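Participant: Dumping the structure here so I can ask a few things about it.
Numbering (the working numbering), first residue to last: 1 to 290.
So this is what it looks like as structure tokens:
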């Protein structure tokens, strides 16, 4: 059985009518107006491309470089990028401005009937987990995997839950079974970071002990560094960055740049889900190392 075709195009003024307007009578066309030199645009482009593969044949992804295609930028009143416009039957039926996460893009796709039942089960599991009913979340994800084994995002959600409840070994084992392409996705890289930091945190003296050491000696940068690792492992990114920025403010070359590298790693982990906070941390880091 042949695989459905992936529709993902770079669009110019010359082919816009054909690829976008004409095809919009057949399928929804998601047009991303972007500047390829901006990280937020590239991030959203990658998310849209991944979804074009996930939902191959169900919608068309198109990209417009607003620096190169000035006429299209002016025609569609593009002021800020990234901007997303969805075309259906020759008309714009949906608008978004600013960076959107993969989950936010999935929500828009769902409005056009493009979704998987297993994704609904993922959302139910996420809510159960947030409510503290982790066993119910695991049960839902297990059922989702059985119903739709090709949906790798279900396995990724299961890995996240395992990490949240301290099952590092099981999470690592499941992560290692993922396809390489998924390991290298935004979500995959975020999970890699969490697995790494959970493992590193297990090798420290522990958060409570380290807090005591820092309180007793604020200049104990080794304790601060290890404490930042523990905070990162527990998703306490603000607290982690406070420790790292304190180190960088006094000793920017600490451990041959280890604190700076750690800060960059946290920013990269945050960027997919909290780009504004990531940018703020990036700004502070730039000021400290300038």
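Cβ atoms here follow ideal geometry from the backbone N, Cα and C, with glycine treated the same way. For clarity, every value in this text was computed on a predicted model and none was experimentally measured.
Run through the stretch 153-238 for me and flag every whole alpha helix (DSSP H) of 4 or more residues, listed as ranges in chain order.
Facilitator: Whole alpha helix (DSSP H) segments, 4+ residues: 168-176, 180-183, 186-201, 207-216 and 221-233.
Participant: For residue 141 versus residue 161, is the C-beta distance shorter than 8 Å?
Facilitator: Yes, Cβ-Cβ distance for residue 141 and residue 161 is below 8 Å.
Participant: For the ligand HEM, is there a heavy atom less than 7 Å away from the beta-carbon of residue 195?
Facilitator: The ligand HEM is not part of this structure, which contains no ligands at all.
Participant: Leaving aside the five residues before and after residue 1 along the sequence, list all residues of the same chain whose C-beta is less than 8 Å from its C-beta, in chain order.
Facilitator: Because the pLDDT at residue 1 is just 42, under 50, the model does not fix this residue reliably, and the value given afterwards should be weighed accordingly. Correct list: empty, nothing qualifies.
Participant: Shortest alpha-carbon distance to residue 268 belongs to which of 278, 260 and 130?
Facilitator: Ranking 278, 260 and 130 by Cα distance to residue 268 puts 278 first.
Participant: For residue 69, count the other beta carbons within 10 Å of its own beta carbon; 16 or more makes it buried, fewer makes it exposed. Which is it?
Facilitator: That one is buried.
Participant: Could you tell me the boundaries of the beta strand (DSSP E) in which residue 60 lies?
Facilitator: Unbroken beta strand (DSSP E) run through residue 60: 60-65.
Participant: Only counting the same chain, and skipping five residues up and downstream in sequence, which positions put a Cβ closer than 6 Å to that of residue 112?
Facilitator: Excluding sequence neighbours, residue 112 sits near 28.
Participant: What are the start and end residues of each continuous alpha helix (DSSP H) run of 4 or more residues lying completely inside the stretch 123-154, in chain order?
Facilitator: Taking only runs of at least 4 residues, the alpha helix (DSSP H) segments lying wholly in the stretch 123-154 are 134-147.
Participant: Which same chain residues, not among the five before or five after residue 85, have their C-beta less than 6 Å away from its C-beta?
Facilitator: Excluding residues within five positions, the ones whose Cβ falls inside 6 Å are 31, 92 and 95.
Participant: In angstroms with no decimal places, state the Cα-to-Cα distance between residue 139 and residue 20.
Facilitator: C-alpha separation (whole angstroms): 42 Å.
Participant: What does the alpha-carbon distance come out to for the pair residue 59 and residue 128?
Facilitator: About 31 Å.
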